[in-house]
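Asker:
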Amino acid sequence: MMDRIYSSQAKDWFWAIASPALFCVLATSALLAEAQIPVSVYDQATAAFQQGQMDEAERVLRSVLRDHPRDAQALGLLGVVLDAQKRYEEAETCYSQSLKLAPKSAALQNNLGNHYLARGMPDRARTTFLRVVAIDPGHPNANLQLAQMSVSRKEGKEALQYLNRLPDTEQASLTVQLLRARALYSSGQRVAAEQIVTQIEKQATGDPRPAFSLGMVFVEWERFAEAERAFNRALEAAPANFDILYNLGLAATRAGHLDRAQEVFEVALRQRPEDVDCLYGLARVQAQQGKNYLATGLLVKAQRLAPNRPDVLLFLAHTSEQLGFYGDSASAYDQYLKLRPDDDMARRERGFALTRSGKMKDGLQDLEWYTQKHPKEADGLYKLAIAEMLGDREKALKHLTQALESAPDQLPIRYARALLQYQEGKPAQSIEDLKVVLQHEPDNVRALDLLGQSLLLLDQPQEAAKPLSRAVELAPKDPTLLIHYSRVLRRLGRKVDAEMMLARFKEVATEEGRQRPHTGLFDYLNLSPAEKHAHYLDNLQKRLTANPEDTGLRVQWGKAMLEEGKIAEALETFHQVQKLTQDGNLAAECGKALLEYEQYQAATPFLEAAAGSASSPAEVRLDLALAVFHAKGPKEGLASLDQMPAEQRKGDYYLLQAQMLDALGQFQEAVETLNRGFRAAPTRPDLYFQASLFLIKHNKYEEAQQLLRQALRIVPDTPELMFTQAILFELLKQPEDAKKLLTRMQSRWPEWEMPYLIHGIILEIHLFSEEAKSMLETAIALGANDPAAYYFLALATMHASPDDTENARKVISQALTLSPEDPYILSLAGKNALSRKDYAAAIEHLTAAVRYKPDLVEARYALSAAYRATGDQERFATELKEAQRLEKESPQADSADAPVRQLLFTVRAPGRPSP
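Going by my numbering, the sequence shown runs without a break in its numbering and finishes at 1269.
1. Compute the distance between the beta-carbons of S823 and P781, then report whether it is under 8 angstroms.
2. Leaving aside the five residues before and after S362 along the sequence, list all residues of the same chain whose C-beta is less than 8 angstroms from its C-beta, in chain order.
3. So L589 and L599 are supposed to be a Cβ contact under 8 angstroms. How far apart are they, rounded?
4. Could you name the residues of the same chain whose beta carbon sits closer than 8 angstroms to that of L538, not counting the 5 residues immediately before and after it, in chain order?
5. Taking all protein chains shown into account, do 16 or more other C-beta atoms lie within 10 angstroms of the C-beta of M699, making it buried, or fewer, making it exposed?
6. How close, in whole Å, do the beta carbons of A565 and A535 come, if the pair is a contact with beta carbons under 8 angstroms?
7. Using a 10 Å radius around the Cβ and a threshold of 16 neighbouring Cβ atoms, would you call A370 buried or exposed?
8. Grab the span of the alpha helix (DSSP H) containing H794 for me, first residue to last.
9. Q1013 and Q1044: beta carbons closer than 8 angstroms?
10. Rounded to the nearest angstrom, what separates H469 and P562 at their Cα positions?
11. DSSP state of D877, grouped into three classes?
12. On the three-pair Cβ rule with 8 angstroms, is the region 978-988 touching the region 934-954?
13. Among the residues of its own chain, which have a CB less than 6 angstroms from the CB of V486, if the five just before and after it don't count?
14. Below 7 angstroms CB to CB, which residues in the same chain sit around P1269 once its five sequence neighbours on both sides are set aside?
15. Please work out which residues of its chain come closer than 7 angstroms, Cβ to Cβ, to P821, disregarding the five sequence neighbours upstream and downstream, and give them in chain order.
16. Thinking C-beta only, is G734 closer than 8 angstroms to R710?
17. Determine, using beta carbons only, whether F1083 and I1112 come nearer to each other than 8 angstroms.
18. Going by Cα to Cα distance, which pick from D665, L1096 and T725 is closest to K692?
19. Give the straight-line distance between the Cα atoms of Q930 and N939, rounded to the nearest whole angstrom.
20. By the 10 Å Cβ neighbour count, where 16 or more other Cβ atoms means buried, how is S784 classified, buried or exposed?
21. Need the endpoints of the alpha helix (DSSP H) that N518 sits in, please.
22. Suppose the cutoff is 8 angstroms on Cβ atoms and the five residues either side in sequence are ignored; what does the same chain contact list for L1062 look like?
23. If you compare alpha carbons, which of L1234, R844 and P1073 is closest to E1125?
24. Considering only residues of the same chain and omitting the five flanking positions on each side of D1192, which have a CB-CB separation below 7 angstroms?
25. Who are the Cβ neighbours of R416 in its own chain at under 8 angstroms, not counting the five residues just before and after it?
26. In or out: R658 buried (at least 16 other Cβ within 10 Å) or exposed?
27. Taking DSSP as the reference, what is the three-state secondary structure of D1158?
28. How about the region 1096-1103 and the region 786-793: do they share at least three Cβ pairs that are nearer than 8 angstroms?
29. Could you give the first and the last residue of the continuous alpha helix (DSSP H) run that contains H929?
30. Since V1069 contacts P1039 with CB under 8 angstroms, what's their CB separation in whole angstroms?
31. Determine the contact status of R480 and L500, defining contact as a CB-CB distance below 8 angstroms.
32. Could you have a look at E950 and say whether DSSP puts it in helix, strand or coil?
33. So within the region 474-512, which uninterrupted alpha helix (DSSP H) runs reach at least 4 residues, ignoring any that extend past its ends?
34. Note the first and the last residue of the continuous alpha helix (DSSP H) segment covering N586.
35. Using three-state DSSP, classify L744 as helix, strand or coil.
36. If we call anything under 8 angstroms between Cβ atoms a contact, is Q642 one with L652?
Okay, structure coming up:
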């Protein structure tokens, strides 16, 4: 993104020194003027022109031409007058007529050349000036203009030839000396050019213009520090001159003197607070200082003042992206592309921003279009693959491989492929790519982390510990690394060290807070998710401080507070937005955010305000019905839903209606409505999630799996839907598919406890108890506080370490605290007490277990054993007989299904904070 070198005003001032006047008033000539026209008439027109009285000059000349339409001099003079008024088409007609009368007139040809310069037609101007010097080889203006054009084309030797034709009286002028220095520099004669510049610097007095012109020369030579010094000298002579301030700011920026540039731009903006170029220049400085939040504020103001400035929009898109405001970035790219529709790279970046903001379908459209047009460009293939990693992973792998064929040294691409290979259960291939990354960047924390995880997946914990240990050294407060390293240490039997890592994790988590998993993309080689979130919050707060009346920023801040679990602060922020604006879209956004965080009562008034119009979108009406359903009940929810116009009743409508019908106990109607919804292709992940729960609750696993496949094609990368699919794999007896998906989720959302929890449960169900312990302990450290976590951890402990009865007892106690009436936990507590020969406790727990679930066979057998150990033969026989009867009459179903299924109904919806 290049700076503007000078403002239009400064450009004019520079050329006022560096060039002669562009329009030369014609001298009276017998060759051009008709003899009967008095010379005084031309003098009168010339005098009016020189005094700026264009109307008078035009009146005099048109009066002459009424009587003498073939007077070449009058026609030529009229062309000059019209040019001065920017009436270029009329002027060109005059020049054309005059040159038909006097084609060999150097003066007329010269003014026509100046005319083309004024119109921004340099090629025509050059052709015309060449005709001038063909007629008059020593013509001063034509040679000077040709020299200038040659310098602009970096043809210094040619420029010197034109300059050498100038008369001796012109050679010493500042104009010619500056141009000669530029020509010499361009032709490689830099010593001679420097000598001229030094001489000009010595001769400079209190006039700011020579110093300013030298500054412009240094800018052309890209010697920005010297340009800055020259502009500073000009500023000393004219301290309030805006053009000097502006160009000094640009030069200081390019010289890397950002503090000075900021100071100068701020002074200039005090003079002209709405100067767009100056706002843009200061924004560049702020961005280079890492203050993108300030730069964005300046660019937003500049964009309001000049909505059709492409450079402002492009820069705004970039700074918004740096701040993590991907939706804003995509919006800025969208506006830019309306002005520059042929900018393919901008369309690519818009697509990437859209995917990162969660708008996958629109983003993929742009990225696929770009890669079809540029099939070998690595960056386009890489960004398309990153988006596809959330959906079609086979395509993602293909495009990453193609990108590496075009750019094998691009480490971010190689890392992304390594990550994908790991998530797909191919750690060996992942390691090959990671070795290349670490060969070039041995301290790349994310690559070290992934290498450790890949080695662990290959069951090489000893090797995995090495890169993870190094990663923790480099980033000792990275929560993801602490989790992964603790798992490896536990696998190595270094339990004390593992506990130390988890303790450090808890400290970091307490300091920074933990967020739930987000949809959308993250930067694979940049910050960790936790750092990214902290960076986003910091930038958002700074932007809001700088723009307190920006209601859009306030809504974003309210959402951030919800994510932090600060419900009251979020509500206060949203109420402030309501006071500042009646914008229905913002009200809907506030209501939607509250809805996602289960604040149904609070969400209702916002959504009612947003849904008040007859033209309210279907999405808002669905949100309102959902809020009413949870706040008041299914009957009221259905009544609200029924208010939706028929044309808005699509797939999501039927999913929500089915949910409400099920809550009313109308199962058959709910099933019929759900089937209708499937056919209408719903789009909302929250409604897909609830529909899948409905099907699982009614043991319709195959139908639920079919629904989830459809859902994840439409809304990929939704954590709760992926989690539900993993549990369904287990319920459908596909544990390997479940573990593969959970491994991918752990990599995708390393600080979310639920994938570790269900992974640990599945491992324990299939008796991989040692590995299950590690997973479950990690889940608990991450905040899992579900009784199932402690129940299965106790089971894993008892299976992996049968003699460690005391630790098992402690874990079971935690489970009982959370769910004191759970028969499975009570049964396990009884069996643990039995193994410790605490028969009284065993009988107490087991008796409670069969009281809550009389057909729990395992508890009956354990209770009979406890009575036998205490010598109570009668009760022993009674319980044994009952256990055998139950086992014979009703073979026990897999008891593990119950807690696994139950976990689904405790999963929090997308984006919600920990309780």
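We put the beta carbon where it would ideally sit given N, CA and C, even for glycine.
Answerer: Quick answer:
1. As a working mapping, residue 823 is identified with position 469 in the sequence shown. As a working mapping, residue 781 is identified with position 427 in the sequence shown. Here S823 is not near P781, since their CB atoms are 8 angstroms or more apart.
2. On the sequence shown, position 8 is the one that residue 362 refers to. The predicted model places S362 with a pLDDT of 37, which falls under 50 and marks its position as unreliable; any figure quoted below should be read in that light. Cβ neighbours of S362 within its own chain (closer than 8 angstroms, five residues either side excluded): none.
3. Taking the first residue of the sequence shown as 1, we reach residue 589 at position 235. Taking the first residue of the sequence shown as 1, we reach residue 599 at position 245. Going by Cβ atoms, the distance from L589 to L599 rounds to 7 angstroms, so yes, they are a contact pair.
4. Here residue 538 refers to the residue found at position 184 of the sequence shown. The residues are G510, L514, R544, A546, A547 and I550.
5. For the purposes of this step, residue 699 is identified with residue 345 of the sequence shown, where counting begins at 1. Classification of M699: exposed, given that the 10 Å Cβ count is below 16.
6. Residue numbering aside, residue 565 sits at position 211 when the sequence shown is read from its first letter. Residue numbering aside, residue 535 sits at position 181 when the sequence shown is read from its first letter. Going by Cβ atoms, the distance from A565 to A535 rounds to 14 angstroms, so no, they are not a contact pair.
7. Start at 1 with the first residue of the sequence shown, and residue 370 comes out as number 16. Confidence at A370 is low in this model, with a pLDDT of 36, below 50, so its placement is unreliable and no value can be given for it.
8. The count along the sequence shown starts at 1 and reaches residue 794 at position 440. P781 to H794 is the span of the alpha helix (DSSP H), which, as asked, contains H794.
9. Within the sequence shown, numbered from 1, the residue matching residue 1013 stands at position 659. Within the sequence shown, numbered from 1, the residue matching residue 1044 stands at position 690. Yes, the pair counts as a contact, with Cβ atoms nearer than the cut-off.
10. On the sequence shown, position 115 is the one that residue 469 refers to. On the sequence shown, position 208 is the one that residue 562 refers to. Straight-line Cα distance between these residues: approximately 29 angstroms.
11. Against the sequence shown, residue 877 aligns to sequence position 523. Bear in mind that a pLDDT of 41 at D877, under 50, signals an unreliable position, so the number given afterwards is only what the model happens to contain. Of the three classes helix, strand and coil, the one that applies to D877 here is coil, per DSSP.
12. yes
13. For the purposes of this step, residue 486 is taken as the residue at position 132 of the sequence shown. The answer, listed in chain order, is A460, Q463, N464, H493 and A496.
14. Stepping through the sequence shown from its first residue, residue 1269 is reached at position 915. Residue placement at P1269 is flagged as unreliable, the pLDDT there being 32, under the threshold of 50; a coordinate-derived value is accordingly withheld.
15. In the sequence shown, the residue the question calls residue 821 occupies position 467. Excluding sequence neighbours, P821 sits near L802, L805 and G806.
16. Stepping through the sequence shown from its first residue, residue 710 is reached at position 356. Stepping through the sequence shown from its first residue, residue 734 is reached at position 380. No, Cβ-Cβ distance for R710 and G734 is not below 8 angstroms.
17. Here residue 1083 refers to the residue found at position 729 when the sequence shown is read from its first residue. Here residue 1112 refers to the residue found at position 758 when the sequence shown is read from its first residue. Not a contact, by the Cβ cut-off of 8 angstroms.
18. Locating residue 692 in the sequence shown gives position 338, counting from the first residue. Among D665, L1096 and T725, the Cα nearest to that of K692 belongs to D665.
19. Against the sequence shown, residue 930 aligns to sequence position 576. Against the sequence shown, residue 939 aligns to sequence position 585. So the two alpha carbons sit approximately 15 angstroms from each other.
20. Translated into positions along the sequence shown, residue 784 becomes position 430. So S784 ends up on the buried side.
21. Stepping through the sequence shown from its first residue, residue 518 is reached at position 164. Where N518 is concerned, the enclosing alpha helix (DSSP H) stretches over G510 to N518.
22. Walking along the sequence shown from the start, residue 1062 turns up at place 708. Within the same chain, L1062 has close Cβ partners Y1042, S1046, L1075, T1078, Q1079 and L1082.
23. Along the sequence shown, read from residue 1 onward, the residue named residue 1125 stands at position 771. It is R844 whose Cα lies nearest to the Cα of E1125.
24. Along the sequence shown, one-based indexing puts residue 1192 at 838. Correct list: empty, nothing qualifies.
25. Working through the sequence shown from its first residue, we reach residue 416 at position 62. L432.
26. Taking the sequence shown and counting its residues from 1, the one referred to as residue 658 is at position 304. When all chains shown are included, R658 counts as exposed.
27. Start at 1 with the first residue of the sequence shown, and residue 1158 comes out as number 804. If DSSP states are grouped into helix, strand and coil, D1158 belongs with coil.
28. By the C-beta criterion, the region 1096-1103 is judged not to be in contact with the region 786-793, since fewer than 3 inter-stretch pairs fall below 8 angstroms.
29. Taking the first residue of the sequence shown as position 1, residue 929 is located at position 575. Note, H929: alpha helix (DSSP H), I921 to L934.
30. Locating residue 1069 in the sequence shown gives position 715, where the first residue counts as 1. Locating residue 1039 in the sequence shown gives position 685, where the first residue counts as 1. Yes, V1069 and P1039 are in contact; Cβ-Cβ is about 4 angstroms, under 8 angstroms.
31. Reading the sequence shown from its first residue, position 126 is the one you call residue 480. Reading the sequence shown from its first residue, position 146 is the one you call residue 500. Yes, Cβ-Cβ distance for R480 and L500 is below 8 angstroms.
32. For the purposes of this step, residue 950 is taken as residue 596 along the sequence shown, with counting starting at 1. In the structure shown, E950 sits in a helix (DSSP, three-state: H, G or I).
33. 476-489 and 494-506
34. What you label residue 586 is simply residue 232 of the sequence shown in a count that begins at 1. Per DSSP, the unbroken alpha helix (DSSP H) holding N586 starts and ends at F578 to A591.
35. In the sequence shown, residue 744 corresponds to position 390, counting from 1. L744 falls in the coil class under three-state DSSP.
36. Along the sequence shown, read from residue 1 onward, the residue named residue 642 stands at position 288. Along the sequence shown, read from residue 1 onward, the residue named residue 652 stands at position 298. It is not a contact, given that the beta carbons lie outside the stated cut-off.
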